[in-house]
Amino acid sequence: MAPEPSGELLQPREPRCPLSTMTPEHSTRWSAPAINNSSSSSSLTVQEQQEKYVICIRGYSLRRKEQTIYPGDNFRQLAQFLSESTQNVPSSNDNGVRNKPSKFVVIHLYENGREKQQIEFQDSVSCLEAIQLPSLQPQSGSVIFMRGFPSSHWLKILGTHYRVDPEFFRRHLEISQSKVDYKLSYLYSSGPRIVRLRVTDIFVRPVTITEEELISKRQEAARALRKYQMQLGAGGNVGESIIRRISYHDGTYFTIEHDISIYLKRSDRRGWYALVWNDVGRDLSQCPSAPWTRQGSSADQIPDLAPVCQPIRMYRERGSLAMNKNFIASASINRTAENLYQSSCLLPQAYGSSLNAQFIPDHPMYALSEIFSFAATSEHQFLSLIASLIHNEVYSDSRPPEFAVTNLKYAKDLLDDHANSIQDNMRFLIKSDCVVTESRRDPSVDDRVKSVIEDYTTLLDTASKLSALCLQGMTIIANEARLKEARNSSAQSKRSETLTLLAFFYLPLTLAASLFGMNVVQLGQGSVSIGWALLALFGFLMFQMAIYYGAKRVNEVVGLVDERLREALR
């Protein structure tokens, strides 16, 4: 058990371990203990350094608003998570599929223009006890991948060894999102080294559902996802995939969203490293309680997961097809659930397949461009799906207008949220202090980073246009509904005119027939000729016409007088 934080940490003064949520200046001075990186930490064991890291975070989380203008309420969840000594860390002896140890951490280390080594660490207890992470060397670059839900042991190991800003861990662990949360919005200055990419997986249902079932599915999925996230945060297995959102778009397609958080730290003397935390760990078939697996009882009801299709250059100028062998990563896939295997599961093993290793140690943004490109491709596929769905909603005659407007509003909310995420990614790409175009030693490095920025610019423009198209589509549908209602009113008016015309002749005829249909012979009046009936009918018709045209003439005169009076008043 880690010792309790001292009272000195709780005093309302300048914090000894300032975090990035204070000010940008404080963020640059954050210094967690590192393994074998300074003389001050050489006397501490690894466990003591990790305890010191946790104590610092817990001490800051206990700061109250009555003591300082830098309260630590938003770090309480992280402090509680790191303080837990027992978590669901699978052991190597477990036989279950969900508890089977996975490669939670994969490290790519680049030195002297080449990849020095690729190290993979499992999340088993025996591995955590004997962990030895490589130290940063001058003129080197490291990309550290984390996969899925973590354990407190891993966060303490990585946070202590690489001096990770706790703000990075805190943001990514915000799994369960309430309807109203003022803490989910961040200023760029609060975490200039942190960026969060969004990856969207598209699912295709084998059986189409109705509009009523679609609305019910959306409500059910929101409740099920919230329950799943709460269960995951309370005690999830290490390496289990984290799902941020489930969106049902129509009767056939639905999507799930993951995040890839990146923490980039660069030092002129010690090189640089990037901590890449991917929500995707184990494939979705190993999450039986997840809402996306509840599509039916039989095997043919399992939805099909579309891959993220990234473009690669296979044709070269010399006329030969080129395929890098590193594009194909070996992965252990459960063949019975192969259609639920996600493309982003292969990112840690396949990283660097499209990059030139000699540029990676000197250019961190070039090293991260492959991850940004993957997320951009996923976003492009999502926007293409939304574009086709918008077209179907606007120009479909079979769909009721109220359902179409609801679906368009649903799509617009998603597009606005994705546009904000894309804008944050662009801000990180453009304002990062690592994007330096004048010091490029090779044009391909600068071109690669520029192409990524152009891709995200295009994505932001597309998302904004699609959002505007949703508004335009809702306006079109509303106008068409009004036009249809006007046409129905016109048709009803014509039917009323027909009935009025029939009544114009029917009423006099009925009155005449009623009068002359009586047995006048019994009244002593003698026989009555039929001509009298026709004469009475003609008289009734003339009387009705006189009333009709008289009223019409009166209305014309009143309208003319009213118009003359208005002209006179002008």
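Under the numbering used here, read the sequence shown as residues 107 to 676, first letter to last.
Beta carbons: idealized from backbone N, C-alpha and C, even for Gly.
Treat the numbers as computed from the prediction; the structure is a model and nothing was measured.
What does a CB cutoff of less than 7 Å around residue i pick up in its chain, not counting 5 residues either side in sequence?
{"i": "Leu575", "result": "Ile496"}
{"i": "Thr563", "result": "Met532"}
{"i": "Phe465", "result": "Tyr472, Asp548 and Val551"}
{"i": "Arg376", "result": "Leu242 and Pro244"}
{"i": "Leu617", "result": "Phe646"}
{"i": "Leu643", "result": "Pro614, Leu615 and Ala618"}
{"i": "Ile439", "result": "Note that Ile439 scores a pLDDT of 46, beneath 50, so its modelled location is shaky and nothing firm can be said."}
{"i": "Ser573", "result": "Lys518, Leu521, Asp522 and Ala525"}
{"i": "Pro413", "result": "Ser449"}
Can you list, in chain order, the residues of its chain whose CB lies under 8 Å from that of residue i, leaving out five sequence neighbours each side?
{"i": "Ala584", "result": "Pro507 and Val511"}
{"i": "Lys262", "result": "Gln156, Tyr159, Val160 and Leu188"}
{"i": "Leu566", "result": "Ala525, Ile528, Gln529 and Met532"}
{"i": "Glu240", "result": "In the sequence as displayed, the identity of residue 240 is Pro instead of Glu. Counting only Cβ-Cβ distances below 8 Å, and skipping sequence neighbours, we find Ile213, Leu215, Gln223, Ile225 and Ser248."}
Report the three-state DSSP secondary structure of residue i (helix, strand or coil).
{"i": "Gln156", "result": "helix"}
{"i": "Glu346", "result": "coil"}
{"i": "Arg601", "result": "helix"}
{"i": "Tyr457", "result": "coil"}
{"i": "Ser353", "result": "strand"}
{"i": "Arg276", "result": "helix"}
{"i": "Ile308", "result": "strand"}
{"i": "Val414", "result": "coil"}
{"i": "Leu641", "result": "helix"}
{"i": "Arg533", "result": "helix"}
{"i": "Arg670", "result": "helix"}
{"i": "Arg388", "result": "coil"}
{"i": "Arg170", "result": "coil"}
{"i": "Val76", "result": "Because the chain here runs from 107 to 676, residue 76 falls outside it and cannot be looked at."}
{"i": "Arg164", "result": "helix"}
{"i": "Leu608", "result": "helix"}
{"i": "Leu575", "result": "helix"}
{"i": "Leu303", "result": "strand"}
{"i": "Ala569", "result": "helix"}
{"i": "Gly656", "result": "helix"}
List the endpoints of the continuous alpha helix (DSSP H) containing residue i.
{"i": "Ala340", "result": "Glu317 to Gly341"}
{"i": "Glu485", "result": "Pro470 to Tyr501"}
{"i": "Gly381", "result": "Just to set this straight, residue 381 is Leu in the shown sequence, not Gly. Note, Leu381: premise wrong, no alpha helix (DSSP H); beta strand (DSSP E) at Gly377 to Asn384."}
{"i": "Ser189", "result": "Arg182 to Ser189"}
{"i": "Leu452", "result": "Premise fails: Leu452 is in no alpha helix (DSSP H) and is neither H nor E."}
{"i": "Thr266", "result": "Ser258 to Tyr268"}
In the DSSP assignment, find the beta strand (DSSP E) that holds residue i and state where it starts and stops.
{"i": "Ile366", "result": "Tyr359 to Ser373"}
{"i": "Leu215", "result": "Lys209 to Glu217"}
{"i": "Tyr294", "result": "Neither: Tyr294 is in no beta strand (DSSP E) and is coded neither H nor E."}
{"i": "Gln223", "result": "Arg220 to Gln228"}
{"i": "Arg253", "result": "Ser246 to Arg253"}
Run the CB neighbour count on residue i, radius 10 Å, all protein chains shown included, and call it buried at 16 or more, exposed below.
{"i": "Gln117", "result": "Any reading at Gln117 must be qualified, since the residue scores a pLDDT of 35, below 50, and its modelled position is unreliable; no value is offered."}
{"i": "Arg276", "result": "buried"}
{"i": "Val663", "result": "exposed"}
{"i": "Thr361", "result": "buried"}
{"i": "Asp365", "result": "buried"}
{"i": "Phe309", "result": "buried"}
{"i": "Gly265", "result": "buried"}
{"i": "Ser450", "result": "buried"}
{"i": "Glu190", "result": "exposed"}
{"i": "Phe480", "result": "buried"}
{"i": "Lys518", "result": "buried"}
{"i": "Asn218", "result": "exposed"}
{"i": "Trp383", "result": "buried"}
{"i": "Ala380", "result": "buried"}
{"i": "Trp638", "result": "exposed"}
{"i": "Phe81", "result": "For residue 81 there is no data in the structure shown, the boundaries of the chain being 107 and 676."}
{"i": "Leu452", "result": "buried"}
{"i": "His558", "result": "Looking at the sequence shown, residue 558 is not His but Val. Val558 comes out buried."}
{"i": "Ile536", "result": "exposed"}
Looking only at its own chain, which residues have a Cβ that is under 6 Å from the Cβ of residue i, when we skip the five neighbours before and after it?
{"i": "Leu378", "result": "Here residue 378 turns out to be Trp, not Leu, going by the sequence shown. Here the set comprises Gly247, Arg372 and Pro470."}
{"i": "Arg302", "result": "Asp365 and Ser367"}
{"i": "Ala185", "result": "Ile163, Arg164 and Ser167"}
{"i": "Arg311", "result": "Thr358 and Pro409"}
{"i": "Ala97", "result": "Outside the modelled stretch of the chain, which goes from 107 to 676, sits residue 97, for which no answer is possible."}
{"i": "Arg324", "result": "Tyr354"}
{"i": "Asn513", "result": "Glu499"}
{"i": "Arg351", "result": "Glu363"}
{"i": "Lys171", "result": "Pro177"}
Point to revise | Segment contact flag, the segment 455–468 with the segment 207–217, C-beta cutoff 8 Å, min 3 pairs | key: Proximity of the segment 455–468 to the segment 207–217 meets the contact definition, three or more beta-carbon pairs being nearer than 8 Å.
Practice item. Give a yes or no on contact between the segment 482–502 and the segment 250–257, applying the rule of three or more CB pairs nearer than 8 Å. Key: The answer is no - the segment 250–257 does not touch the segment 482–502, with fewer than three Cβ pairs under 8 Å.
Practice item. Report yes or no: do the segment 465–480 and the segment 554–572 share at least 3 C-beta pairs separated by less than 8 Å? Key: Result yes; three or more Cβ-Cβ pairs closer than 8 Å.
Point to revise | the segment 329–345 in contact with the segment 309–321 per 3-pair CB rule at 8 Å | key: Output reads no: the segment 309–321 does not touch the segment 329–345.
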